[in-house]
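Inspection log for the structure reproduced underneath, given as structure tokens.
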Amino acid sequence: MIKSALNVVTVEPRDEMAGETAAPLVELVDVARHFDVSPPWLNRVLEGKGRAVLKAVDGVSLAIASGETLGLVGESGCGKSTVARLIVGLYRPTRGEIRYAGRRIDVDGARHAARREMQMIFQDPYASLNPRWRVADIVAEPLRAAPADGRPARAAIGERVGSLLEQVGLVAADGAKFPHQFSGGQRQRISIARALAGSPRFLVCDEPTSALDVSVQAQVLNLMRRLQRELGLTLLFISHNLAVVHHIANRVGVMYLGRMVETAPTKALFAEPQHPYTRMLLEAVPDLALTGKPRTAVAGEVPNPLDPPAGCAFHPRCPYANERCRREVPVLKPVRRAAGILGEAACHAVQEKRLGSTVVTQMTMRDPG
Amino acid sequence: MATLAAPSRLARWWRGDIAWSFRHSPVAVASAIVLAICLAAALFAPWVAPHNPFDLATLNLSDALTPPHGMAGAKPEYLLGTDDQGRDVLSAIMFGTRISLLVGALAVALSIAMGVSLGLASGYAGGRLDAFIMRAADVQLSFPAILIALLIDGVARAVLPRDAHADVALVVLVVAIGVSNWPQYARTVRGSTLVEKNKEYVQAARVIGVRPAAIVLRHLLPNVLSPVLVIATINIAIAIQVEATLSFLGVGVPPTRPSLGTLIRVGNDFLFSGEWWITIFPGAALVILVLAINLLGDWLRDALNPKLK
Amino acid sequence: MAADALLAVKDLRVEFATRQGTLVAVDGVSLTIAPGEVLGVVGESGAGKSLTGAAVIGLIDPPGRIGAGEVWLGGRRIDNLPPEGLRRVRGREIGAVFQDPLTSLNPLYTIGRQLTETMMTHLKLSSSATRKRALDLLAEVGIPAPKRRFDHYPHQFSGGMRQRVVIALALAANPKLIIADEPTTALDVSIQAQIIALLKRLCREHGTAVMLITHDMGVIAETADRVAVMYAGRIAEVGPVADVIHRPQHPYTQGLMGSIPSIIAEREELAQIEGSMPRLTAIPAGCAFHPRCPHAFDRCRRERPELMAAGRTRAACWLVA
Numbered sequence: 001m002i003k004s005a006l007n008v009v010t011v012e013p014r015d016e017m018a019g020e021t022a023a024p025l026v027e028l029v030d031v032a033r034h035f036d037v038s039p040p041w042l043n044r045v046l047e048g049k050g051r052a053v054l055k056a057v058d059g060v061s062l063a064i065a066s067g068e069t070l071g072l073v074g075e076s077g078c079g080k081s082t083v084a085r086l087i088v089g090l091y092r093p094t095r096g097e098i099r100y101a102g103r104r105i106d107v108d109g110a111r112h113a114a115r116r117e118m119q120m121i122f123q124d125p126y127a128s129l130n131p132r133w134r135v136a137d138i139v140a141e142p143l144r145a146a147p148a149d150g151r152p153a154r155a156a157i158g159e160r161v162g163s164l165l166e167q168v169g170l171v172a173a174d175g176a177k178f179p180h181q182f183s184g185g186q187r188q189r190i191s192i193a194r195a196l197a198g199s200p201r202f203l204v205c206d207e208p209t210s211a212l213d214v215s216v217q218a219q220v221l222n223l224m225r226r227l228q229r230e231l232g233l234t235l236l237f238i239s240h241n242l243a244v245v246h247h248i249a250n251r252v253g254v255m256y257l258g259r260m261v262e263t264a265p266t267k268a269l270f271a272e273p274q275h276p277y278t279r280m281l282l283e284a285v286p287d288l289a290l291t292g293k294p295r296t297a298v299a300g301e302v303p304n305p306l307d308p309p310a311g312c313a314f315h316p317r318c319p320y321a322n323e324r325c326r327r328e329v330p331v332l333k334p335v336r337r338a339a340g341i342l343g344e345a346a347c348h349a350v351q352e353k354r355l356g357s358t359v360v361t362q363m364t365m366r367d368p369g
Numbered sequence: 370m371a372t373l374a375a376p377s378r379l380a381r382w383w384r385g386d387i388a389w390s391f392r393h394s395p396v397a398v399a400s401a402i403v404l405a406i407c408l409a410a411a412l413f414a415p416w417v418a419p420h421n422p423f424d425l426a427t428l429n430l431s432d433a434l435t436p437p438h439g440m441a442g443a444k445p446e447y448l449l450g451t452d453d454q455g456r457d458v459l460s461a462i463m464f465g466t467r468i469s470l471l472v473g474a475l476a477v478a479l480s481i482a483m484g485v486s487l488g489l490a491s492g493y494a495g496g497r498l499d500a501f502i503m504r505a506a507d508v509q510l511s512f513p514a515i516l517i518a519l520l521i522d523g524v525a526r527a528v529l530p531r532d533a534h535a536d537v538a539l540v541v542l543v544v545a546i547g548v549s550n551w552p553q554y555a556r557t558v559r560g561s562t563l564v565e566k567n568k569e570y571v572q573a574a575r576v577i578g579v580r581p582a583a584i585v586l587r588h589l590l591p592n593v594l595s596p597v598l599v600i601a602t603i604n605i606a607i608a609i610q611v612e613a614t615l616s617f618l619g620v621g622v623p624p625t626r627p628s629l630g631t632l633i634r635v636g637n638d639f640l641f642s643g644e645w646w647i648t649i650f651p652g653a654a655l656v657i658l659v660l661a662i663n664l665l666g667d668w669l670r671d672a673l674n675p676k677l678k
Numbered sequence: 679m680a681a682d683a684l685l686a687v688k689d690l691r692v693e694f695a696t697r698q699g700t701l702v703a704v705d706g707v708s709l710t711i712a713p714g715e716v717l718g719v720v721g722e723s724g725a726g727k728s729l730t731g732a733a734v735i736g737l738i739d740p741p742g743r744i745g746a747g748e749v750w751l752g753g754r755r756i757d758n759l760p761p762e763g764l765r766r767v768r769g770r771e772i773g774a775v776f777q778d779p780l781t782s783l784n785p786l787y788t789i790g791r792q793l794t795e796t797m798m799t800h801l802k803l804s805s806s807a808t809r810k811r812a813l814d815l816l817a818e819v820g821i822p823a824p825k826r827r828f829d830h831y832p833h834q835f836s837g838g839m840r841q842r843v844v845i846a847l848a849l850a851a852n853p854k855l856i857i858a859d860e861p862t863t864a865l866d867v868s869i870q871a872q873i874i875a876l877l878k879r880l881c882r883e884h885g886t887a888v889m890l891i892t893h894d895m896g897v898i899a900e901t902a903d904r905v906a907v908m909y910a911g912r913i914a915e916v917g918p919v920a921d922v923i924h925r926p927q928h929p930y931t932q933g934l935m936g937s938i939p940s941i942i943a944e945r946e947e948l949a950q951i952e953g954s955m956p957r958l959t960a961i962p963a964g965c966a967f968h969p970r971c972p973h974a975f976d977r978c979r980r981e982r983p984e985l986m987a988a989g990r991t992r993a994a995c996w997l998v999a
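These protein sequence lines map, in sequence, to chains C, W and P.
Residue numbering for the first sequence follows the numbering used here, starting at 1 and increasing by one per position.
Residue numbering for the second sequence follows the numbering used here, starting at 370 and increasing by one per position.
Residue numbering for the third sequence follows the numbering used here, starting at 679 and increasing by one per position.
Written as structure tokens, this is what we have:
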């Protein structure tokens with residue numbers, strides 16, 4: 001475990017996935033992204049309004065080891081999509097550092113080598129492919145955008161596109177068609193083929209199955225797991241669907257209003273959620289298995305991100321909030337679970353051991369006969 | 370799904386939605402036929418017109434002011450009559466339509482070139498460039514297009530030497546009408562660009578590392594062009610009208626190569642002395658041309674609108 | 679089918695006239711809802727569930743139309759009513775909650791006005807009585823400070839609050855049936871849970887029946903008493919919720935349940951149904967699911983199965999015949 005000057009703890013995953021304690025592949029150190037959403041100057045003068053800053057991401061640190069899948073969950077406004085876009089360079093961080101393979105990539109000019117190795121898959125299968133381009137051109141774009149020395153020959157590009165399409169479960173002849181001739185699930189496969197074209201090491205997946213039907217989602221998730229195994233990819237998988245994250249991720253990070261509130265290996269997080277927000281989220285997931293487990297009342301709504309509460313952002317909705325929670329922003333600290341020290345939580349109540357343990361071992365499928 | 374041997378692109382287009390909509394719209398088909406006739410007449414005027422109204426050698430002053438076919442005193446070789454110089458009205462209309470269409474099409478092409486590039490730049494770059502271009506557009510839009518065209522024309526007249534003017538008159542006219550219309554395209558394209566810019570396929574291209582110029586030209590441009598097409602169709606009609614107005618006012622094409630507008634002006638003087646055909650026929654030709662283009666443009670706008678499908 | 683069913687849909691057929699011919703989007707759907715019951719209608723996109731709800735409430739727009747079948751509400755046939763009669767049924771006897779709370783509310787009117795307008799149209803109360811009733815409803819759906827929020831506009835509410843207002847609107851005229859089409863899909867998970875709980879409680883208290891249309895099986899598991907699974911415009915299986923979820927008889931339902939990831943079970947691979955739902959222009963002959971079915975045999979390709987008893991549910995499958 002490494003403690004940096006910013007009091008950030010980088011925990012190597014010690015669960016089933018990693019055997020190596022190598023340096024993380026992707027690292028975020030106290031990253032923040034602010035958006036200036038102030039009303040125009042004239043309105044500010046006439047209506048006496050002040051400036052407004054949206055702190056979409058407000059000091060997030062995380063580390064992803066090579067070969068693992070980190071799931072990032074949270075509700076709308078928590079900043080998980082912004083984190084994804086910060087990592088791939090669509091946004092510049094307002095503060096903090098982003099490192100890939102040990103080198104900083106958030107400064108100008110430093111991105112190029114890293115860019116070849118990381119790709120992104122988007123949520124909307126209908127908007128993520130240019131409707132006027134043929135599928136073959138779409139999938140070949142990363143190859144054609146490579147610098148001249150790294151660019152393969154034209155014939156080689158055609159072959160590679162064909163084999164990529166087959167790899168994702170389509171046929172090479174589909175390259176001649178246009179996106180609108182495909183269904184949502186097939187379009188996501190095309191997006192995956194495009195993302196894999198440049199042989200990346202790291203894939204950021206922003207809600208890739210949220211817009212898909214359940215049976216199609218199963219196909220795409222199975223495909224992604226298979227590809228990850230075959231190609232040795234590292235994945236950052238963002239979703240609001242806890243069940244999907246449970247299925248595909250090795251480790252999970254939970255975000256709320258721009259901050260990371262808990263991280264843990266998947267099994268540990270779902271069996272023993274520590275942070276009150278994580279507990280609330282798990283309670284809120286509709287109960288397909290009809291276990292009939294008692295559910296705590298779900299209270300309140302996500303506050304306006306333009307005007308977040310002082311101290312811990314969750315305290316207005318938290319049944320365990322005390323005076324300290326209202327004043328002091330909690331910091332991620334390691335958490336002791338039944339199986340040992342696994343994961344971290346940013347919660348005063350957890351650190352002060354005010355919460356009872358929630359070892360949820362009785363999660364059995366019980367149906368009222 | 371097995372792909373059949375792909376039919377030719379033309380066959381596919383003919384079976385597509387737009388062609389189907391066209392075939393089932395009598396107004397669109399009729400307008401297209403009328404427009405095709407006008408275009409053919411204009412294009413092949415030098416060979417098809419019964420006379421050449423601008424070749425002074427062929428003019429016969431004794432034929433001046435001949436009434437059109439069907440009236441007393443008509444001559445068979447002058448179907449729509451002649452003007453005060455003995456020029457055949459029908460031929461003059463054909464040659465005049467030629468000029469009108471040429472000026473209209475070129476002016477719209479110029480507007481599109483300016484408007485689309487400025488709109489794309491404005492929408493994609495945002496910030497100060499966007500603000501500057503849009504304010505320029507706003508300022509220009511507060512002047513009537515004809516006024517701007519007059520302004521440019523007047524400046525050109527003042528600046529260029531007198532004898533050069535006749536040669537470059539057409540160019541000046543095209544520039545005048547073209548420049549007066551770019552804001553409309555720029556605004557539309559900027560709006561579409563702002564929408565498309567945030568779509569995930571553009572973000573994907575940025576993640577891949579495609580350069581901004583390539584993104585704008587290869588990703589955004591094909592997707593913002595449909596509304597431009599519709600506006601352009603209707604604007605050709607407007608450009609022709611503006612040219613006709615300018616020529617009517619005497620500041621358009623030089624009288625040696627009259628357009629429909631010039632013909633109308635010239636014929637106006639004879640309206641109340643009884644030789645009505647000199648102004649009415651060119652006027653009717655202008656109206657028919659503009660109407661056909663407008664109706665076709667209306668159909669195109671509805672056919673291209675995905676929400677109405 | 680119970681003789682005292684509140685809603686009875688018989689052999690409903692919804693078709694679209696396109697230039698490729700007539701496309702059938704809902705093909706012979708029959709279902710019933712008892713008074714106070716919650717029936718879930720679940721299916722993937724293109725299955726025809728939203729159209730079924732729209733047909734019941736009479737909101738099918740041309741080029742779509744009800745090609746055949748009957749819709750009976752409370753013993754009265756409503757699908758062939760003239761527009762005026764249908765308008766009176768809507769709101770008074772059937773309420774609707776749609777997916778997007780942003781477009782369900784008129785942004786130009788205060789929510790108080792929209793509520794009272796609905797009530798005055800259907801209940802014929804005085805304006806002070808409707809105002810009081812509206813305030814009571816707002817409190818019932820959990821809007822804090824209803825007197826103050828009465829005069830607020832929709833954009834001043836958050837998504838979850840707006841959906842509560844929409845539910846209040848749906849309940850305003852005390853209907854016997856509510857059609858809820860994806861009421862929680864656009865909301866966050868924690869808000870979803872609140873809205874589902876609210877809907878359940880209110881419908882129990884008011885005795886309102888609900889047709890809950892969604893693609894989210896978890897919501898159905900929480901809320902519905904019975905569930906109908908739709909595929910390619912037909913009902914594949916229908917029965918009590920616990921039976922359909924835990925002992926599905928139709929291969930499609932089995933595949934569907936197997937493909938849903940769970941936060942409890944550990945699975946290496948999710949069960950996968952090969953292929954995708956057929957397009958309306960290419961619905962297979964016989965059983966619509968047979969090209970994707972691992973158990974298909976000859977009869978499935980030729981004959982279309984009707985709903986048959988299978989354990990405690992009914993499934994449209996030759997395997998259970």
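Note that the Cβ used here is the ideal one computed from N, Cα and C, for glycine as well.
message: Is the separation between the beta-carbon of C:L196 and that of C:I87 shorter than 8 Å?
response: Against the first sequence, residue 196 of chain C aligns to sequence position 196. Against the first sequence, residue 87 of chain C aligns to sequence position 87. No, these two residues do not count as a Cβ contact at 8 Å.
task: Check whether the Cβ of C:M280 lies closer than 8 Å to any Cβ atom in chain P.
output: Within the first sequence, residue 280 of chain C is the residue found at index 280, counting from 1. Residue contact check for C:M280 against chain P: a CB pair falls below 8 Å.
message: Is there a C-beta anywhere in chain W that falls below 8 Å from the one on C:L6?
response: Along the first sequence, read from residue 1 onward, the residue named residue 6 of chain C stands at position 6. Note that C:L6 scores a pLDDT of 39, beneath 50, so its modelled location is shaky; the value from the coordinates is reported in the next line. Cβ-Cβ to chain W under 8 Å: no for C:L6.
query: Taking only beta-carbon atoms, is C:M255 less than 8 Å away from chain W?
result: To locate residue 255 of chain C, count along the first sequence from 1; it is residue 255. No, C:M255 does not count as interfacial toward chain W.
query: Using a Cβ-Cβ cut-off of 7 Å (strictly less than) and excluding sequence neighbours within five positions of P:I961, which residues of its own chain qualify?
result: By one-based count along the third sequence, residue 961 of chain P stands at place 283. For P:I961, where only same-chain residues beyond five positions count, the Cβ hits under 7 Å are A910.
query: From W:V564 to P:P785, what does the alpha carbon distance come to, in whole angstroms?
result: Counting from one through the second sequence, the residue named residue 564 of chain W turns up at place 195. Counting from one through the third sequence, the residue named residue 785 of chain P turns up at place 107. Their backbone Cα atoms lie some 23 Å apart in a straight line.
query: How would you list, in chain order, the residues of chain P whose beta-carbon sits under 9 Å from the beta-carbon of C:F270?
result: On the first sequence, position 270 is the one that residue 270 of chain C refers to. Within chain P, the residues near C:F270 are I941 and I942.
field: Alpha-carbon spacing of C:E230 relative to C:L221, whole angstroms
entry: Locating residue 230 of chain C in the first sequence gives position 230, counting from the first residue. Locating residue 221 of chain C in the first sequence gives position 221, counting from the first residue. So the alpha carbons of these two residues sit roughly 14 Å apart.
field: Partners in chain P for C:N250, counting only beta-carbon separations shorter than 8 Å
entry: Along the first sequence, one-based indexing puts residue 250 of chain C at 250. Simply none; closest approach about 13 Å.
task: Please report the residue range of the alpha helix (DSSP H) in which C:I248 lies.
output: Locating residue 248 of chain C in the first sequence gives position 248, counting from the first residue. Per DSSP, C:I248 belongs to the alpha helix (DSSP H) from L242 to I248.
- prompt: Can a CB atom of chain P be found closer than 8 Å to the CB of C:D108?
  reply: In the first sequence, residue 108 of chain C corresponds to position 108, counting from 1. Answer no: the Cβ-Cβ gap between C:D108 and chain P never drops below 8 Å.
task: Rank P:A846, P:T799 and P:R809 by C-alpha distance to the C-alpha of P:L816 and give the top, closest one.
output: Here residue 816 of chain P refers to the residue found at position 138 when the third sequence is read from its first residue. Ranking the options by Cα distance to P:L816, first place goes to P:A846.
field: Supposed close pair C:S38, C:A56 - CB separation, criterion 8 Å
entry: Translated into the one-based positions of the first sequence, residue 38 of chain C becomes position 38. Translated into the one-based positions of the first sequence, residue 56 of chain C becomes position 56. 15 Å between Cβ atoms; not a contact.
message: Please list the terminal residues of the continuous beta strand (DSSP E) segment that includes C:Y100.
response: If you number the first sequence from 1, residue 100 of chain C lands on position 100. Looking at the DSSP string, the run of the beta strand (DSSP E) that includes C:Y100 is R95 to Y100.
message: Closer than 8 Å is the cut-off here; do at least three beta carbon pairs connect the stretch 725-732 of chain P with the stretch 910-921 of chain P?
response: yes
- prompt: If you drop the 5 nearest sequence neighbours on each side, which residues of the same chain put their C-beta closer than 8 Å to that of P:R980?
  reply: Looking up residue 980 of chain P in the third sequence gives position 302. Closer than 8 Å at the Cβ level, and outside the excluded window around P:R980, lie A963 and G964.
field: Cβ of W:N663 within 8 Å of any chain C Cβ
entry: In the second sequence, the residue the question calls residue 663 of chain W occupies position 294. No, no contact with chain C.
message: Below 7 Å on C-beta distance, what does P:I869 contact in chain C?
response: Taking the third sequence and counting its residues from 1, the one referred to as residue 869 of chain P is at position 191. What P:I869 touches in chain C: E301.
message: Quick check: the Cα distance between C:Q188 and C:Y91, rounded to an integer number of angstroms?
response: Along the first sequence, one-based indexing puts residue 188 of chain C at 188. Along the first sequence, one-based indexing puts residue 91 of chain C at 91. When rounded, the distance between both Cα atoms is 23 Å.
- prompt: If you draw a straight line from the C-alpha of W:I387 to the C-alpha of W:Y570, how long is it?
  reply: Counted from its first residue, the second sequence places residue 387 of chain W at position 18. Counted from its first residue, the second sequence places residue 570 of chain W at position 201. Here the alpha carbons of W:Y570 and W:I387 stand approximately 26 Å from one another.
field: Contact list for the stretch 811-844 of chain P against chain C, Cβ threshold 9 Å
entry: S836, G837, G838 and M839
- request: Give me the Cα-Cα distance between P:I821 and C:D58, rounded to the nearest whole angstrom.
  value: Position 143 of the third sequence, counting from 1, holds the residue named residue 821 of chain P. Position 58 of the first sequence, counting from 1, holds the residue named residue 58 of chain C. Their Cα atoms are separated by approximately 31 Å.
- prompt: Count the other CB atoms within 10 Å of the CB of P:Q800; is the residue buried (16 or more) or exposed (fewer)?
  reply: Counted from its first residue, the third sequence places residue 800 of chain P at position 122. First, the amino acid is wrong: residue 800 of chain P is His here, not Gln. That one is buried.
- prompt: Under the three-state reduction of DSSP, which class applies to W:A443: helix, strand or coil?
  reply: Within the second sequence, residue 443 of chain W is the residue found at index 74, counting from 1. Note: W:A443 maps to coil in three-state DSSP.
- prompt: Looking at the C-beta of P:K727, does it have a partner C-beta in chain C at a distance below 8 Å?
  reply: The sequence position of residue 727 of chain P within the third sequence is 49, counting from 1. Closer than 8 Å: no.
message: Helix, strand or coil, according to DSSP, for P:Y909 in the structure here?
response: Along the third sequence, one-based indexing puts residue 909 of chain P at 231. The answer is strand: DSSP assigns P:Y909 an E or B state.
- prompt: Sorted by chain position, which residues of the same chain lie with C-beta nearer than 6 Å to C:G369's C-beta, five sequence neighbours on each side aside?
  reply: Position 369 of the first sequence, counting from 1, holds the residue named residue 369 of chain C. With a pLDDT of 33 at C:G369, under the threshold of 50, the predicted position of this residue should be treated as unreliable, though the coordinate-derived value follows. Cβ within range, chain order: n/a, list empty.
message: Let me see if you follow: with CB-CB separation under 8 Å, is P:G933 close to chain C or not?
response: In the third sequence, the residue the question calls residue 933 of chain P occupies position 255. Taking a beta-carbon distance threshold of 8 Å, P:G933 counts as an interface residue toward chain C.
query: Quick one: what does DSSP say W:M370 is sitting in, helix, strand or coil?
result: Sequence index remark: in the second sequence, residue 370 of chain W carries index 1 (1-based). No answer about W:M370 holds up, because its pLDDT of 37 lies below 50 and its placement is not dependable.
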